[in-house]
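**Student:** One gets the working numbering by counting positions in the sequence shown from 1 and adding 40 to each. For each residue, glycine too, the CB sits at the ideal point set by N, CA and C.
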Amino acid sequence: MNTFPTTWLFCPANRPERYAKAFASGAPGVVIDLEDAVPTTDKDSARTSLLQWLGSDIAAQASSATRLAIRINRPESDAGLNDLQAMRRAPGLAHAHLLLLPKVASPEEVQLVAAHLLRAAPQLRLMALIESIQGVRRVAQIAAAHSSLAALGFGAADLAAELGIASDWEALLYARSQVLLAAAGKGLPVLDVPWLQIDDTAGLVQDCARALRLGFHGKFAIHPKQVAGIVAGFRPQPAQLERAQRYVQAYTDAGGAACAVDGTMVDEPVYLAALRLLARAG
Numbered sequence: 041m042n043t044f045p046t047t048w049l050f051c052p053a054n055r056p057e058r059y060a061k062a063f064a065s066g067a068p069g070v071v072i073d074l075e076d077a078v079p080t081t082d083k084d085s086a087r088t089s090l091l092q093w094l095g096s097d098i099a100a101q102a103s104s105a106t107r108l109a110i111r112i113n114r115p116e117s118d119a120g121l122n123d124l125q126a127m128r129r130a131p132g133l134a135h136a137h138l139l140l141l142p143k144v145a146s147p148e149e150v151q152l153v154a155a156h157l158l159r160a161a162p163q164l165r166l167m168a169l170i171e172s173i174q175g176v177r178r179v180a181q182i183a184a185a186h187s188s189l190a191a192l193g194f195g196a197a198d199l200a201a202e203l204g205i206a207s208d209w210e211a212l213l214y215a216r217s218q219v220l221l222a223a224a225g226k227g228l229p230v231l232d233v234p235w236l237q238i239d240d241t242a243g244l245v246q247d248c249a250r251a252l253r254l255g256f257h258g259k260f261a262i263h264p265k266q267v268a269g270i271v272a273g274f275r276p277q278p279a280q281l282e283r284a285q286r287y288v289q290a291y292t293d294a295g296g297a298a299c300a301v302d303g304t305m306v307d308e309p310v311y312l313a314a315l316r317l318l319a320r321a322g
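1) Going by DSSP in three states, Arg253 sits in which element: helix, strand or coil?
2) Bridge partners of Ile110, per DSSP?
3) Let's see if you can read the secondary structure: which residues bound the alpha helix (DSSP H) around Asp198?
4) So who's on the other strand from Ile170, going by DSSP bridges?
5) Does Arg159 come out as helix, strand or coil in the three-state DSSP assignment?
6) What did DSSP end up calling Pro234 once you bin it into helix, strand or coil?
7) Under a three-way DSSP split, which group does Phe274 fall into?
8) Which of helix, strand or coil does DSSP assign to Val301?
9) Expressed to the nearest angstrom, what Euclidean distance is found between the alpha-carbon atoms of His246 and Ser188?
10) Am I right that Met167 and Ala200 are in contact with their C-beta atoms under 8 Å? What's the rounded C-beta distance?
11) Taking its Cβ as the centre, do 16 or more other Cβ atoms sit within 10 Å of Thr46, making it buried, or is it exposed?
12) Kindly indicate which residue of Pro68, Gly66, Asp97, Met127 has the alpha-carbon position closest to the one of Ala86.
13) Sorry if obvious, but does the Cβ on Glu148 come closer than 7 Å to a heavy atom of the ligand COA?
14) Helix, strand or coil for Phe44? Go by DSSP, reduced to three states.
15) Quick check on this structure: which residue in Pro278, Ala53, His135 has the alpha carbon closest to the alpha carbon of Gln101?
16) Suppose you measure from the CA of Tyr291 to the CA of Gly258; what does that come to, to the nearest Å?
17) Would you list the one or two residues that DSSP bridges to Leu52?
18) Hey, could you find the ends of the beta strand (DSSP E) Ala261 is sitting in?
19) Expressed to the nearest angstrom, what Euclidean distance is found between the alpha-carbon atoms of Ala223 and Ile182?
20) Report the three-state DSSP secondary structure of Val78 (helix, strand or coil).
21) I need the boundaries of the alpha helix (DSSP H) containing Lys61, first residue and last residue.
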């Protein structure tokens with residue numbers, strides 16, 4: 041059963057007054073962001089704020105009910121190296137569940153972070169964000185980089201800028217598909233990019249539906265008001281669950297032979313798809 045959360049809400053690390061609101065949003069996962077959400081001039085103070093909070097009883101309580109992730113700066117950068125060095129010494133890192141690695145372009149980047157942090161925080165799992173041409177080209181190698189890798193994330197803005205194309209679905213469909221194929225080969229869930237139009241709820245619903253049809257496990261959120269829509273968008277509907285249960289039961293009763301349910305042939309691929317749907321519902 042894949043219990044990886046479908047919804048992860050970003051919160052800027054340099055705004056510690058917003059941490060509590062993020063954890064109260066109903067999102068099953070919260071990402072405290074040291075990278076894109078933080079100006080270059082605030083990197084050091086943001087890191088200090090996050091590490092102080094991580095060492096508090098408040099962080100321990102918050103992370104006991106909600107998955108806590110941290111997005112660091114790219115490890116090759118000065119800010120990223122400072123993130124890794126500071127976190128390796130931080131006892132509060134034990135409260136974190138997931139580390140997001142931005143703009144991953146090679147398996148060696150994943151392995152570098154694992155070597156730096158996993159001895160200090162063995163519970164920590166990694167998510168590689170694929171946001172560049174080189175990342176897409178090497179995504180199969182990245183997906184197989186380390187046993188601590190728990191998921192991949194797709195990033196549209198940086199990739200579209202590098203390619204000189206629009207960041208819409210049609211333009212990035214090939215790249216999305218490559219990431220999903222590589223992740224599926226290793227049994228990893230993939231998170232889709234945030235919906236940037238915060239007040240466009242209808243657009244968010246449509247975007248979640250597209251992502252789900254293509255095979256994404258969930259989506260990032262950039263505002264608390266998006267959380268409920270994403271959670272609902274990736275939750276199987278009652279009718280889907282009921283149908284999946286009937287498919288599984290019929291196929292099991294048939295001893296693993298192809299059978300028909302309400303005029304639909306249920307063979308092994310249909311049976312396995314039904315099992316995946318039921319697993320997604322928990």
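**Tutor:** With the given structure in hand:
1) helix
2) Ile72, Leu139
3) 197-203
4) Phe194
5) coil
6) coil
7) coil
8) strand
9) Note on residue identity: the sequence assigns Gln, not His, to residue 246. Roughly 32 Å separates the two Cα atoms.
10) Wrong, their Cβ atoms sit about 20 Å apart, outside the cutoff.
11) buried
12) Met127
13) The ligand content of the structure shown is nil, which means the ligand COA is not present either.
14) coil
15) His135
16) 28 Å
17) In the sequence as presented, Leu is not what sits at residue 52; that position holds Pro. Beta-bridge pairing links Pro52 to Asp73.
18) 258-261
19) 9 Å
20) coil
21) 59-63
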